[in-house]
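Before any comments, here is the structure.
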Amino acid sequence: MATKTHILALPFPLQGHINPMLQLCKTLITKGIHVTLVTTVSISLSLQMQASTTSNLIDIDTIPDATNTSEGDIYQVFINNFKAAITQGLPQLIEKHKQSSYPAKAIVYDSVLPWTLDIAHQLGLKGAVLFTQPCTVCSIFYHMQQGTFKVTTEDEGSDITLPAMPLLRRRDLPSLIYDIGAYTTLLDLLLDQFSTFQEADWRLFNTFDKLEDEILKWMASKCPILTIGPTIPPLHMDDNEYGLSLFKPNAEDYMKWLDTKENSSVVYISFGSLVTPGEEQMEEIARGLVESNCFFLWVVRAEEESKLPRDFVSEKGLIVNWCSQLLVLAHPAVGCFLTHCGWNSTLEALSLGVPTVAMAQWTDQTTTAKLIADVWQTGIRTKADENGFVTREEIAGSIREVMQEERGNEIRKNAKRWKQLAKEAVSEGGSSHNNITEFAIQLSSTTT
Ligand code: UDP
43 MATKTHILAL
53 PFPLQGHINP
63 MLQLCKTLIT
73 KGIHVTLVTT
83 VSISLSLQMQ
93 ASTTSNLIDI
103 DTIPDATNTS
113 EGDIYQVFIN
123 NFKAAITQGL
133 PQLIEKHKQS
143 SYPAKAIVYD
153 SVLPWTLDIA
163 HQLGLKGAVL
173 FTQPCTVCSI
183 FYHMQQGTFK
193 VTTEDEGSDI
203 TLPAMPLLRR
213 RDLPSLIYDI
223 GAYTTLLDLL
233 LDQFSTFQEA
243 DWRLFNTFDK
253 LEDEILKWMA
263 SKCPILTIGP
273 TIPPLHMDDN
283 EYGLSLFKPN
293 AEDYMKWLDT
303 KENSSVVYIS
313 FGSLVTPGEE
323 QMEEIARGLV
333 ESNCFFLWVV
343 RAEEESKLPR
353 DFVSEKGLIV
363 NWCSQLLVLA
373 HPAVGCFLTH
383 CGWNSTLEAL
393 SLGVPTVAMA
403 QWTDQTTTAK
413 LIADVWQTGI
423 RTKADENGFV
433 TREEIAGSIR
443 EVMQEERGNE
453 IRKNAKRWKQ
463 LAKEAVSEGG
473 SSHNNITEFA
483 IQLSSTTT
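Counting in the numbering used here, the final residue of the sequence shown is number 490, and the numbers go up one at a time with none missing.
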């Protein structure tokens, strides 16, 4: 009879949520845990397998998609359909795995799927919730969910004081909070993360102790938590990819292009997998890049390409639809990352020591930009008008400041220091390393 510990992993099916879950699973596999990643049939069909060395050790099991009956905005339809599929199909999938020689003992699920815990507990499995946003951001949502914090339009311009956090202005909060009434579906999703927070058997955060020291201690005073980040493959193992992608990268010509450039001479620009800047903003980015006079590698997703200025060409730039961001950020030619401040992109830049120009767009990105610029000081934040619009002059000036000016030297020094601290956290004896080991031990000793 096999005795190997088997767990299920349920990521929210967006790239920024799949990546940290995958890397956590891969690390658990190296500790002798067997992992089955659960998703819907339609999502599994769009997953591209990358050349990762360990992701092929993860089994994938699928649940049939639900019939599309949901109404509302695109977020609501997407979220409701996924929830319907999982709530209908997960119990059967768990029962099926119970018949195998090593039934699953626990499920690790994304924090925006808190209802997974009840299903797991009813069927005798333990549940570990994985938070994929900064603990600072999670704490702000926690306060709101608990009713200990709320925002009004009168807060514009005044300081907001929350325990164990830097002073915040209204626009440093997640945009879902300060844009009152604009994204109620997504705000509800993020507040709901805490509906089963206390009942979860483990609470995992993709961050590390030194990065968010005070707020992590504050969160731990509410409930025990485990930091397990940063979940960046090359930090944990000999692996340069997460392993599964919802997007197909361009052929690796961009790496050859980078090889032809001098060290720290290229700006890398990506706004992640979801952000959709308007046409005017795309034009400002394009003109700002040219005005900076730096080489640039710009990820413009296929569905965004039509927003590029007509006939836009620059002899100093290369545009791709998708790339292997980890390989790009690790390339010595890359001198700075103009980023939307998605949490994975931010952790990747920090872990690989790349200075950033933080051009946050929405959700948690606005708070992360504040942390990048004012707390970790690994980059500068672009100034936007009240509609979030950033001009070409601001973009070009910010790039030059990081790439060429005195301030850039300081930022590079800080970036190097954080790279070292991130590495320490996940190396033998480091805080996240110890926590993952402890988690694996507890999983192994769990009885169902
Ligand atoms: N990414 C990538 N190639 C690209 C652009 C992004 O592999 O061309 C990856 C990036 O490394 C990160 C993820 O996609 O891990 C995006 O997650 P993030 O949290 O930064 O932003 P989101 O897409 O959730 O807004």
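We put the beta carbon where it would ideally sit given N, CA and C, even for glycine.
The structure displayed is predicted, hence computed values, not measured ones.
- Under the rule that a run must span 4 or more residues, the alpha helix (DSSP H) segments found entirely inside the stretch 172 to 196 read 177 to 188.
- Within the stretch 262 to 321, the complete alpha helix (DSSP H) segments at least 4 residues long are 275 to 278, 295 to 301, listed from N- to C-terminus.
- Counting the other CB atoms within 10 Å of its CB gives phenylalanine 54 a total of 16 or more, which places it among the buried residues.
- If you draw a 10 Å sphere on the C-beta of arginine 454, you find 16 or more other C-beta atoms in it, and that means buried.
- Within 6 angstroms of the C-beta of glycine 359 there is not a single heavy atom belonging to ligand 1.
- Taking 6 angstroms as the cut-off, the C-beta of valine 396 does not count as close to any heavy atom of ligand 1.
- A Cβ-Cβ distance of about 6 angstroms is found for the pair threonine 488 and alanine 148, placing them in contact under the 8 angstroms criterion.
- Using a C-beta cut-off of 8 angstroms, the stretch 383 to 397 makes contact with the stretch 458 to 468, since at least three inter-stretch Cβ pairs fall below that distance.
- In the displayed model, methionine 324 falls within a helix according to three-state DSSP.
- Going by DSSP, lysine 349 is part of no alpha helix (DSSP H) at all; its letter is neither H nor E.
- Leucine 155 has its Cβ no nearer than 6 angstroms to any heavy atom of ligand 1.
- About 19 angstroms separates the CB atoms of proline 205 and aspartate 406; that is not less than 8 angstroms, and the two are not in contact.
- The way I'd put it, the stretch 296 to 303 does touch the stretch 363 to 379; three or more beta-carbon pairs between them come closer than 8 angstroms.
- If only complete runs of 4 or more residues are kept, the stretch 420 to 466 shows the alpha helix (DSSP H) at 434 to 445, in order along the chain.
- By the Cβ test, the stretch 271 to 279 is in contact with the stretch 52 to 69, since at least three Cβ pairs between them sit closer than 8 angstroms.
- Screening all residues for a C-beta within a distance smaller than 5 angstroms of any heavy atom in ligand 1 leaves Gln57, Gly58, Asn61, Ser312, Gly314, Ser315, Leu316, Val341, Trp364, Cys365, Gln367, Gly384, Trp385, Asn386, Ser387, in chain order.
- In this structure, the CA atom of phenylalanine 239 is about 29 angstroms from the CA atom of aspartate 201.
- Pairing glutamate 333 with glutamine 92 gives a Cβ-Cβ distance that is not under 7 angstroms.
- Using a 10 angstroms sphere on the CB of tyrosine 225, the tally of other CB atoms reaches 16 or more, which defines it as buried.
- DSSP, reduced to helix, strand and coil, places cysteine 67 within a helical segment of the structure shown.
- In this model, isoleucine 182 and histidine 475 are separated by some 26 angstroms (Cα to Cα).
- In this structure valine 341 is buried. Its beta-carbon is surrounded by 16 or more other beta-carbon atoms within 10 angstroms.
- For phenylalanine 124, the enclosing alpha helix (DSSP H) has its first and last residue at 116 to 140.
- In this chain, phenylalanine 481 is not harboured by any beta strand (DSSP E); it is covered by the alpha helix (DSSP H) spanning 473 to 487.
- A Cβ-Cβ distance of about 5 angstroms is found for the pair tyrosine 310 and phenylalanine 379, placing them in contact under the 8 angstroms criterion.
- Assignment of arginine 343 by DSSP, reduced to helix, strand and coil, places it in the coil class.
- Here phenylalanine 431 is exposed. Its C-beta has fewer than 16 other C-beta atoms within 10 Å.
- Secondary structure of leucine 87 (DSSP, three-state): helix.
- Taking C-beta atoms as the reference points, glycine 74 and proline 106 fail to come closer than 7 angstroms.
- Glutamate 347 and glutamine 141 have their C-alpha atoms roughly 49 angstroms apart.
- Within its own chain, the residues whose Cβ lies closer than 8 angstroms to the Cβ of histidine 76, once the five positions on either side in sequence are excluded, are Lys46, Thr47, His48, Ile49, Asp101, Tyr144, listed in chain order.
- By the neighbour-count criterion, in which a residue is buried when 16 or more other Cβ atoms sit within 10 angstroms of its Cβ, asparagine 477 is buried.
- By the Cβ neighbour-count rule, asparagine 386 is buried, with 16 or more other Cβ atoms within 10 Å of its own.
- In the three-state scheme derived from DSSP, where H, G and I count as helix and E and B as strand, leucine 232 is classed as helix.
- By the criterion of a C-beta distance shorter than 6 angstroms, valine 468 is surrounded in its chain by Leu277, His278, Ser474, His475, once the five residues flanking it on both sides are discounted.
- Fewer than three Cβ pairs drawn from the stretch 241 to 259 and the stretch 213 to 225 lie within less than 8 angstroms of each other, which leaves the two stretches out of contact.
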